[in-house]
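Asker:
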Amino acid sequence: MLRQSWDMVSQDCCMWCVGCALQNSRGPIHISVAIGTFLQGLETEATYDAATQEFVIHSPTLTATKWWPGDLGRSATHALVQAQLICSGARRGMHAFIVPIRSLQDHTPLPGITVGDIGPKMDFDQMDNGFLQLNHVRVPRENMLSRFAQVLPDGTYVKLGTAQSNYLPMVVVRVELLLGEILPLLQKACVIAMRYSVIRRQSQLQPSDQEAKVLDYQTQQQKLFPQLAISYAFHFLAVSLLEFFQRSYSAILNRDFSILPELHALSTGMKAMMSDFCTQGAEMCRRACGGHGYSKLSGLPSLVTKVSASCTYEGENTVLYLQVARFLVKNYLQTQMSPGSAPQRSLPPSVAYLAAPVLARCPAQRAADFLCPELYTTAWAHVAARLIKDSVHHLQTLTQSGADQHEAWNQTTVIHLQAAKAHCYYVTVKGFAEALEKLENEPAIQQVLKRLCDLHAIHGILTNSGDFLHDSFLSGAQVDMARTAYLDLLCLIRKDAILLTDAFDFTDQCLNSALGCYDGNVYERLFQWAQKSPTNTQVVGWNYKLRKKAENRQRTLPMRNI
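Under our numbering, the sequence shown has 116 at position 114, and the numbering climbs by one with no breaks.
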């Protein structure tokens with residue numbers, strides 16, 4: 003996306019791009035990306051001046067201030083700013099501009115630039131998230147990213163892509179976040195909690211036995227194994243999404259934008275679902291470690307606060323789910339407009355189930371039937387399709403009663419949200435099952451991972467059983483069968499649980515946890531690390547000195563007659 007020449011950088015400059023950082027021959031050039039959620043409503047303006055062939059970047063209001071971009075507070079020398087393009091007197095929508103914000107000589111803010119750090123946060127103290135205001139800052143015409151749109155020297159606007167192509171940079175970021183930032187946090191939490199759970203012993207399973215490992219208790223398995231299962235589900239899904247993105251990106255570069263809506267919906271939905279479930283899962287792992295999980299020495303509190311940030315950065319999750327819902331509504335309406343089998347051929351693969359024949363009842367007759375990927379994938383497709391149909395029905399009912407489309411949408415967003423979440427869960431189940439099919443030549447690994455896939459699918463069914471019972475797709479007896487299959491899986495997964503977490507291959511240094519080290523010396527390490535606490539450097543603590551000072555002061559006060 004940044005493969006275009008910059009007049010501000012020397013022609014012999016060799017750049018190395020990692021995330022938001024660029025390296026050139028004169029030293030580091032840090033790029034900070036400044037965007038927001040409601041992109042159509044961005045207030046920052048970029049007005050083209052044909053006389054000088056420059057863009058004038060301006061923040062017209064206080065609310066136009068860019069807030070939160072990483073590296074912006076102290077490090078960044080340049081910002082990739084999203085702004086409303088104005089040329090030849092017409093607004094052309096959101097476009098991206100490379101704006102120098104600090105001097106490459108002394109790192110001071112350039113004229114027209116107000117920049118700084120936003121202050122303390124829940125976590126990520128090492129990251130200098132910042133704010134940026136621009137006061138009629140001029141940049142050359144070449145500083146507009148121009149793969150999909152250009153402004154000619156005379157101010158003529160040339161459109162090379164669709165309006166949706168402007169959202170491609172966010173798709174890129176979200177896809178990279180899944181495997182690189184969000185998922186590893188849950189995986190680390192699983193490793194720590196699982197390892198601690200085979201070291202920690204509590205009570206007896208049998209009166210004559212020694213204290214049992216807490217991981218041998220079914221309730222502990224119920225806490226941790228679904229988190230392990232969804233870690234693997236998300237891994238396979240993220241890998242699949244990355245491959246899909248790479249194929250799609252090649253098509254997009256060739257000006258084929260037909261695949262972009264599905265790519266946007268998948269990346270948006272998976273970012274929302276993954277950050278939601280990873281946040282819940284990391285907190286569950288922390289709680290599963292009891293009091294020690296609350297200690298920072300466990301490494302878990304830091305993981306929880308870090309992963310919780312993912313629910314809001316790069317798009318707040320409720321907003322993202324509703325973007326997925328719009329994609330679902332649009333494709334469902336297409337199935338209603340096109341007769342016969344035409345909709346199924348034209349629908350994107352991720353929503354092809356909307357045109358599939360409706361299965362009124364689940365055919366399961368015993369618990370073992372719920373271990374069939376085809377059965378539970380079909381079950382999730384049924385529920386997702388029903389909820390999408392229901393959301394469209396409520397939307398149409400309101401519009402037919404006189405409400406305008408915007409008001410009708412707002413009055414049905416809770417229903418749309420539920421439908422989008424069901425669709426995303428279906429995508430993870432289907433993606434996990436398809437990944438297993440590729441492991442036919444490794445039956446031992448396939449068997450172990452299939453148990454996790456089964457657990458993930460059935461856990462979702464039991465957690466959302468009301469959605470499956472609503473139209474009698476499942477009966478109460480079948481829910482009981484699913485629960486039986488689920489509990490049996492917990493016992494089977496127990497013997498492989500540690501190996502499955504070891505497969506994530508995190509080093510002790512990476513985990514930074516007294517509870518989760520590979521050697522299992524939990525209590526020795528807890529005690530050793532506790533000795534290093536700054537409060538233990540003095541034999542007599544400051545609180546005792548304050549108390550003695552208060553007592554001495556009280557003795558010098560005159561007695562009062564009451």
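Positions of the beta carbon are idealized from the N, C-alpha and C atoms, including for glycine.
Quick caveat, the model's predicted, so the values are computed rather than measured.
#1: Determine the DSSP secondary structure at Cys313, reduced to helix, strand or coil.
#2: Looking at the unbroken beta strand (DSSP E) that takes in Glu264, where does it start and where does it end?
#3: Taking Asp51 as part of the beta strand (DSSP E), name the residues at either end of that continuous run.
#4: Considering only DSSP beta bridges, list what Thr116 is partnered with.
#5: Considering only the beta carbon of each residue, do Leu268 and Leu244 sit closer than 7 angstroms?
#6: Would you identify the three-state DSSP class for His458, choosing helix, strand or coil?
#7: Quick one: using the 10 Å Cβ neighbour count with 16 as the cut-off for buried, is Glu47 buried or exposed?
#8: On the DSSP bridge assignment, give the partners of Cys89 in chain order.
#9: Run through the DSSP bridge pairs and tell me what Tyr159 is partnered with.
#10: Could you tell me the boundaries of the alpha helix (DSSP H) in which His472 lies?
#11: Can at least three beta-carbon pairs, one atom from the region 481-501 and one from the region 455-472, be found at a separation below 8 angstroms?
#12: Could you give the first and the last residue of the continuous beta strand (DSSP E) run that contains His60?
#13: For Ile184 and Val309, I'd like the C-alpha separation in whole angstroms.
#14: With Pro359 as the anchor, note down where its alpha helix (DSSP H) starts and where it stops.
#15: For His395, count the other beta carbons within 10 Å of its own beta carbon; 16 or more makes it buried, fewer makes it exposed. Which is it?
#16: Suppose you measure from the CA of Gln208 to the CA of Ala214; what does that come to, to the nearest Å?
#17: Let me check one thing: in DSSP terms, what residues is Trp69 bridge-paired to?
#18: Identify which residue in Ala424, Phe470 and Leu492 has its Cα closest to the Cα of Asp456.
#19: With a 10 Å radius around its C-beta and 16 neighbouring C-beta atoms as the bar for buried, classify Thr414 as buried or exposed.
#20: Whose C-alpha, out of Lys190, Ser210 and Asp218, is nearest the C-alpha of Ile2?
#21: Among Ile500, Trp531, Asp469 and Ser352, whose alpha-carbon lies nearest the alpha-carbon of Tyr520?
#22: For Lys215, does the three-state DSSP call read helix, strand or coil?
#23: Which whole-angstrom value is the C-beta distance of Phe475 and Cys364, which I expect to be below 8 angstroms?
#24: Just the C-alpha distance for Leu204 and Cys291, rounded to the nearest angstrom, thanks.
#25: Mapping DSSP to helix, strand and coil, what is Leu44?
#26: Can you give me the Cβ contacts of Ser2 inside the same chain, cut-off strictly under 6 angstroms, excluding the 5 residues immediately before and after it?
#27: When the Cα atoms are used, what is the spatial distance from Met172 to Asp211?
#28: Determine, using beta carbons only, whether Lys534 comes closer than 7 angstroms to chain C.
#29: Which of the three DSSP states is assigned to Gln25 in this structure?
#30: I need the DSSP call for Ala405, collapsed to helix, strand or coil.
#31: Give me the Cβ distance between Leu136 and His80, rounded to the nearest whole Å; I'm assuming they're in contact under 8 angstroms.
#32: Can you give me the start and stop residues for the alpha helix (DSSP H) that Met196 sits inside?
#33: Mind checking whether Ala253 and Phe434 have CB atoms under 7 angstroms apart?
#34: Tell me which same chain residues have a C-beta within less than 8 angstroms of the C-beta of Leu322, skipping the five on either side of it?
#35: Phe57 and Arg143 look like a contact to me (Cβ under 8 angstroms); what is the Cβ gap, rounded to whole Å?
#36: Helix or strand or just coil, what does DSSP make of Arg388?
Answerer: On the basis of the data shown:
#1: coil
#2: No beta strand (DSSP E) contains Glu264, which is instead part of the alpha helix (DSSP H) from Leu262 to Ala290.
#3: Glu47 to Asp51
#4: Gln135
#5: no
#6: helix
#7: buried
#8: Ala92
#9: Val153
#10: No alpha helix (DSSP H) contains His472, which DSSP labels as neither H nor E.
#11: yes
#12: Glu56 to His60
#13: 6 angstroms
#14: Counting along the chain, Pro359 falls outside any alpha helix (DSSP H), and DSSP gives it neither H nor E.
#15: exposed
#16: 9 angstroms
#17: Phe133
#18: Leu492
#19: buried
#20: No statement about residue 2 is possible, as the shown extent of the chain runs from 3 to 564 and does not include it.
#21: Ile500
#22: strand
#23: 6 angstroms
#24: Correcting the residue identity first, residue 204 is Gln in this sequence and not Leu. Their Cα atoms are separated by approximately 12 angstroms.
#25: coil
#26: As displayed, the chain neither begins before 3 nor continues past 564, which places residue 2 out of reach and without an answer.
#27: 56 angstroms
#28: Among the protein chains of the structure shown there is no chain C, as only one such chain exists.
#29: In this prediction, Gln25 has a pLDDT of 26, which is less than 50 and means its spatial position is unreliable; what the coordinates show is noted afterwards. Looking at Gln25 - three-state DSSP - the assignment turns out to be strand.
#30: coil
#31: Not really, about 13 angstroms apart at Cβ, beyond 8 angstroms.
#32: Leu185 to Ile201
#33: no
#34: Thr270, Gly271, Lys273 and Ala274
#35: 7 angstroms
#36: helix
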